[in-house]
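**Q**
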Amino acid sequence: MAYNSMDTAAFKDVWVFCEQRQGKMMPTTFELISEGRRLADELGGSLCGLLLGDNVEGIAKELGGYGADKVYVCDHPLLKDYTTDGYTKVLTDAVKELKPEILLFGASHIGRDLAPRCAARLHTGLCADCTHLDVDLNGYIEFLRTASSLDVDNTSFESNLFDPVRNLKMTRPAFGGHLMATIVCPRFRPAMATVRPGVMKKRPYDASGAEKVAVEKLNVALSAGDIGCEVLETVKAAKKLVDLIGADIIVSVGRGIYTDVDKGIALATELAEELGGVVGSSRAVVDAGWLSADHQVGQTGKTVHPKVYVALGISGAIQHKAGMQESECIIAVNKNETAPIFEVADYGVTGDLFKVVPEMIAAIRAAKAAK
Amino acid sequence: MKIIVTVKQVPDTSGKVAVNADGTLDRASMQTIINPDDLNAVEAALQLKDELGCKVIAFTMGPPPAEGMLRELMAMGVDEGVLITAREFGGSDTYATSQIIAAAIDTYGVDQDDIVFSGRQAIDGDTAQVGPQLAEKLGLEQVSYVGAIEKDGDTIKVRRMLEDGYMTIKVKTPCLLTCVKELNTPRYMNIRDILSAYDKPLQVMTYETLKNHPLIDKTTIGLTGSPTNIFKSFTPPQKGVGTMLTGDSKSVATQVADVLAKKHII
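Sequence lines, in order, name chains A and B. Be aware that the first sequence starts at 2, since it is given in our numbering, and climbs by one per residue. Be aware that the second sequence starts at 30, since it is given in our numbering, and climbs by one per residue.
#1: Cβ of B:GLY97 less than 8 Å from any chain A Cβ?
#2: Say the cut is 7 Å; is the CB of A:PRO78 nearer than that to a heavy atom of the ligand PLP?
#3: Along chain B, in chain order, which residues have C-beta atoms closer than 8 Å to that of A:ILE250?
#4: Closest to A:GLY302 by CA distance: which of A:ALA323, A:ILE315, A:VAL311, A:ALA289 is it?
#5: Using the beta-carbon of each residue, which ones in chain B are nearer than 9 Å to A:PRO101?
#6: Say whether chain B places a C-beta atom closer than 8 Å to the C-beta of A:PHE283.
#7: Would you say B:GLN267 lies against chain A (beta-carbon separation less than 8 Å)?
#8: Where does A:TYR141 land, buried or exposed, given buried means 16+ other C-beta within 10 angstroms?
#9: Look at the alpha carbon of B:ASN258 and the alpha carbon of B:TYR227, and state the distance between them as a whole number of angstroms.
#10: Assuming B:PHE88 contacts B:ILE113 (C-beta within less than 8 Å), just tell me the rounded distance between them.
#11: Taking a contact to mean a Cβ-Cβ separation below 8 Å, would you say B:ILE294 touches A:ILE251 in this structure?
#12: Please work out which residues of its chain come closer than 6 Å, Cβ to Cβ, to A:ALA192, disregarding the five sequence neighbours upstream and downstream, and give them in chain order.
#13: What does DSSP give as the partner residue(s) for B:MET196 in the beta ladder?
#14: For a contact defined as C-beta to C-beta under 9 Å, what are the partners of A:LEU127 on chain B?
#15: Helix, strand or coil: how does DSSP classify A:ARG190 here?
#16: When we look at the beta-carbon of A:ARG366 and count the other beta-carbons within 10 Å, is it buried (16 or more) or exposed?
#17: Step through the CB atoms of chain A and report whether any lies within less than 8 Å of the CB of B:LEU206.
#18: Contact criterion: CB-CB distance below 8 Å. Does A:VAL298 meet it with respect to chain B?
#19: Let me check understanding here. Comparing Cα to Cα, which of A:GLY349, A:LYS81, A:ASP94, A:PRO359 lies closest to A:LEU219?
#20: Got a sec: is the Cβ-Cβ distance from B:ALA290 to anything in chain A below 8 Å?
#21: Report the three-state DSSP secondary structure of A:HIS321 (helix, strand or coil).
#22: Cutting at 8 Å between CB atoms, please list the residues of its own chain near B:ILE245, excluding the five before and the five after it.
#23: Assess contact between the region 260-267 of chain B and the region 141-150 of chain A, defined as three or more Cβ pairs (one per stretch) separated by less than 8 Å. Is contact present?
#24: Sort out for me which residues DSSP pairs A:PHE18 with in a bridge.
#25: Between which two residues does the alpha helix (DSSP H) harbouring B:THR202 extend?
#26: Between which two residues does the beta strand (DSSP E) carrying B:ASP181 extend?
#27: Which residues, in order along the region 135-153 of chain B, keep a beta-carbon less than 7 Å from a beta-carbon of chain A?
#28: For my contact list, A:ALA211 and B:VAL285 are in at a C-beta cut-off of 8 Å; report their separation, rounded to the angstrom.
#29: Can you name the residues that DSSP bridges to B:PHE146?
#30: Which residue marks the beginning of the beta strand (DSSP E) containing A:ASP263, and which one marks its end?
#31: Check whether the region 196-208 of chain B touches the region 224-234 of chain A, taking contact to mean three or more Cβ pairs, one atom from each stretch, closer than 8 Å.
#32: Name the chain E residues that come within less than 8 Å of B:GLN171, Cβ to Cβ?
#33: Would the beta-carbon of A:THR172 fall within 8 Å of that of A:MET181?
#34: Residues in its own chain within less than 6 Å of A:HIS124 by CB, not counting five upstream and five downstream?
#35: Could you tell me the boundaries of the alpha helix (DSSP H) in which A:PRO28 lies?
#36: For the putative contact between B:ASP66 and B:LYS210, defined by C-beta atoms under 8 Å, what is the C-beta separation to the nearest angstrom?
Here it is as structure tokens:
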């Protein structure tokens, strides 16, 4: 049957594009499979992974351990390196044939290259960099109770334009985090979203799921002529990048270290090591070239929710807060008692970080020694 | 050969942002700026112009005052401007926007040796979707997150920045490249171009200009035609004020250590 993205009734199931690089699954894929499981249950459909690559069938079963019912594998030598052309063709061919209702991508550099190209070809809507997804309307309303300043009980969730129950509700920050918007794609399928890495929680791995998952190889119609560009090399960053998303403790520095940048970073590093954590930063620090971009927390950096987030000399611009305010415990040190960071801090210290942090390190050492 | 660069005028979200009682943005109270990543796209275009002497045309979609931004770009060295503006285009999502801009660029014409530069993403929506969607609608090769460019005849070698490194990609013209801030440092306006900015050609494309283009279909553009719609918009809740620790440095440090010990961090 011909593909028509407006024939919404012909589409079913939840799909996750399972991004791998050099044959290794990206961690975000497991987060999306975990989240997709919940959406598929709410929708009453199956959860399917779509895995593209060269010789990648061997990593398909693991997806079952996080909740996938089925994995479609598209194996082809021309899919070894990511190309927009090759991946778009194979992915859109599969969607046209099998018609998923929902299609999720990780909002990685590759996901955010591929998803819009596919959405434009498939003639459907795409919501970027989502931080929350719901099918179930009641679940969405409960989410708003804690995540919004809306008066939920006096808000109407009816719509005369579309069915607010069946449609995927995709929530994302806009205007640098000043506003949140929930987007729907009511007239076209699949409803597509890229999802911010590190936001969705990974489920515990279940070995029996990996046993049960069905793996189906799809025919791949791809020739060299379909790909207009050539990947000459893929280079990994020379230095080890900081893993902010996986960290339990993050000590971040901001513009407040400007009087002695080297000492400020050294103090943050020492404190982070003492707590078994890593060093993050505000955007200003990255823009000034004091730390590399992998350290950046915030709307244009990474979204983190560690157990403890220590903000040193960070004023707390809304873009920064958007990336860290979900941390379990926030401790902020800033000279300026009116700094906005104190609005989200659980514990605030008004003071000079160059004086306070050495004392903090000493007090932590003393507390450890006393145990 | 010519170079097309797409630009957007955006509210400055890094400054004070006011939100109306109904949860929408109070745009009237905000400054507008040229989207930062788009300035890197303009700079990439102007560097190729300096090297090859080709013409640079800036396209923007927005309300009529966006003309001022096009004149600013001309004062930096851009040769021509195209302002796409119509009530029918208002409220478009990224899909609809890319169709309209593609129709405008296609109406202007894309030749075999042309390059289109876009910014990675705009700071109001942060979607990074219009570049790739525009490339698809124009049938162009695309590379996004471009952090370095080297041109050699009709092929271009670019660096696509990844989270953990980069890819080097060879791509042929015509193509669309989306630029990140690592690519270059945007230049300032210069006296010669400031003086000639208002003499440079500026074309306005309205719904009337573009309505016969196959990509312009009222059912797929504007607020009602866009595939995605806003269901709800809201502001995040204000977190309750926490505890301010007082005392000298030593005393607050001890209090912090107590908190960490109670949470079993240390």
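Note that the Cβ used here is the ideal one computed from N, Cα and C, for glycine as well.
**A** Put simply:
#1: Chain A contact via Cβ: absent.
#2: Of ligands this structure carries none, so the ligand PLP is not represented either.
#3: ILE294
#4: A:ALA323
#5: The premise fails here: A:PRO101 is roughly 16 Å from chain B at the closest Cβ pair, so nothing lies under 9 Å.
#6: A small fix is needed here, since residue 283 of chain A is Ser in this sequence, not Phe. No - not a single Cβ of chain B is within 8 Å of the one on A:SER283.
#7: yes
#8: buried
#9: 38 Å
#10: 7 Å
#11: no
#12: ILE103, LEU169, CYS186
#13: A:THR235, B:ARG189
#14: ASP122, THR123, TYR124, THR156, GLN158, GLN162, PRO256, THR257
#15: coil
#16: exposed
#17: no
#18: Chain B contact via Cβ: absent.
#19: A:ASP94
#20: Residue-level contact check: B:ALA290 touches chain A, since one or more beta carbons of chain A fall below 8 Å from its beta carbon.
#21: helix
#22: Excluding positions up to five away in sequence, the list reads GLN128, ILE129, ALA132, TYR236, LEU239.
#23: The answer is yes - the region 141-150 of chain A touches the region 260-267 of chain B, with three or more Cβ pairs under 8 Å.
#24: A:LEU51
#25: Careful: B:THR202 lies outside any alpha helix (DSSP H) and carries neither H nor E.
#26: 170-181
#27: ILE152, ASP153
#28: A:ALA211 to B:VAL285, Cβ: 43 Å. No contact.
#29: B:VAL34, B:LEU206
#30: Run containing A:ASP263: none in the beta strand (DSSP E); it sits in the alpha helix (DSSP H), 262-276.
#31: Touching, per the Cβ criterion.
#32: Here chain E cannot be found, since the structure's protein chains are A and B.
#33: A distance below 8 Å separates the beta carbons of A:THR172 and A:MET181.
#34: Cβ within range, chain order: SER6.
#35: 28-44
#36: 7 Å
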